[in-house]
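Please read the structure below before turning to the comments.
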Amino acid sequence: MRVVLLGLPGAGKGTQGERISKKYGIPHISTGNMIRSIIDSGSELGELVKQYTTAGKLIPDEYVIEMVQQRVAEDDCQKGWILDGFPRTVQQAISLDKSLSDKSIEIDYALEIRISEEEALRRISQRRECSECGMVYNLMHKETAVEGVCDKCGGKLYQRTDDNIETASARLKVYMEQTHPVVHYYAQAGKLISINGERDINEVFAEVDALTAKLLSPGHQGEVL
Ligand SMILES: [Zn+2]
12 MRVVLLGLPG AGKGTQGERI SKKYGIPHIS TGNMIRSIID SGSELGELVK
62 QYTTAGKLIP DEYVIEMVQQ RVAEDDCQKG WILDGFPRTV QQAISLDKSL
112 SDKSIEIDYA LEIRISEEEA LRRISQRREC SECGMVYNLM HKETAVEGVC
162 DKCGGKLYQR TDDNIETASA RLKVYMEQTH PVVHYYAQAG KLISINGERD
212 INEVFAEVDA LTAKLLSPGH QGEVL
């Protein structure tokens, strides 16, 4: 099963991706982690990518696509994968389809977790990260036992600078302009599943899970659910 996750920052792509990954035994590939591990690998591509991230520059499409190609060719991706954070543009989506069809495989579906821009801003502004262990909390869903202190390690919680309202609004704007068209791209291909993300995390996962099980059921012809 090959899945692409879409949705505004704060929609819960990471959480849902992890859950699908655990339940169906396929890796959740977030672009952030992928970039970190390719840099750590010290490969030629890793060195190239590192130059861009160190300079705070956007990694060119051709390198991102090559990273994705290498990653999904690894052993743990035999049964499938969940991409999170890629494709970010229609051009990337087209390139991804092309590189997969060269290997006679294709994406099964794109899962959009739908929340409003107002809700995205609310969620992002309530996000806190532990300065010691990196654990991420969302105060909207769960307060920590002691205010401003990590439940796991006692570290101090802080708000990432890119989670402040101005930066978050700018990120949402970029998403709507560049990434939201990807939703339409998969809709036109008959591969879009769009679900309401403004609910409890468990409810959202129950729906994702039911749709996934149906898609994987014997006799399913690959039509959109
Ligand atoms: Zn901590």
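In terms of the working numbering, the sequence shown is residues 12 to 236.
Idealized CB from N, CA, C, for every residue including glycine.
Note that the structure is a prediction, hence the values are computed from the model and not measured.
Going by beta-carbon coordinates alone, are residue i and residue j separated by less than 8 angstroms?
| i | j | result |
| --- | --- | --- |
| Glu158 | Val147 | no |
| Asp119 | Val14 | yes |
| Ile70 | Gln103 | no |
| Gly96 | Gly145 | no |
| Ala221 | Ala131 | no |
| Arg99 | Thr190 | yes |
Going by DSSP, which residues form a beta bridge with residue i?
| i | result |
| --- | --- |
| Lys167 | Val160 |
| Asn149 | Arg138 |
| Leu16 | Asp95 and Leu122 |
| His39 | Ile93 |
Kindly indicate which three-state DSSP category residue i falls into: helix, strand or coil?
| i | result |
| --- | --- |
| Leu236 | Any reading at Leu236 must be qualified, since the residue scores a pLDDT of 48, below 50, and its modelled position is unreliable; no value is offered. |
| Ala179 | helix |
| Ile212 | helix |
| Ala22 | coil |
| Arg30 | helix |
| Glu130 | helix |
| Ala200 | coil |
| Glu123 | strand |
| Asp220 | helix |
(request) May I ask you to verify whether the stretch 203-217 touches the stretch 120-134, counting CB pairs closer than 8 angstroms and requiring at least 3? (result) yes
(message) My parser needs the alpha helix (DSSP H) runs of 4 or more residues fully inside the stretch 41-119; what are they?
(response) With a minimum length of 4 residues, the continuous alpha helix (DSSP H) runs that stay inside the stretch 41-119 are 42-52, 55-65, 72-83 and 101-112.
(request) Specify whether the stretch 37-54 and the stretch 158-167 touch according to this definition: at least 3 beta carbon pairs, one from each stretch, less than 8 angstroms apart. (result) The stretch 37-54, when compared against the stretch 158-167, does not touch it at the 8 angstroms Cβ threshold.
(message) Within 8 angstroms, do at least three Cβ pairs link the stretch 73-89 to the stretch 46-56?
(response) yes
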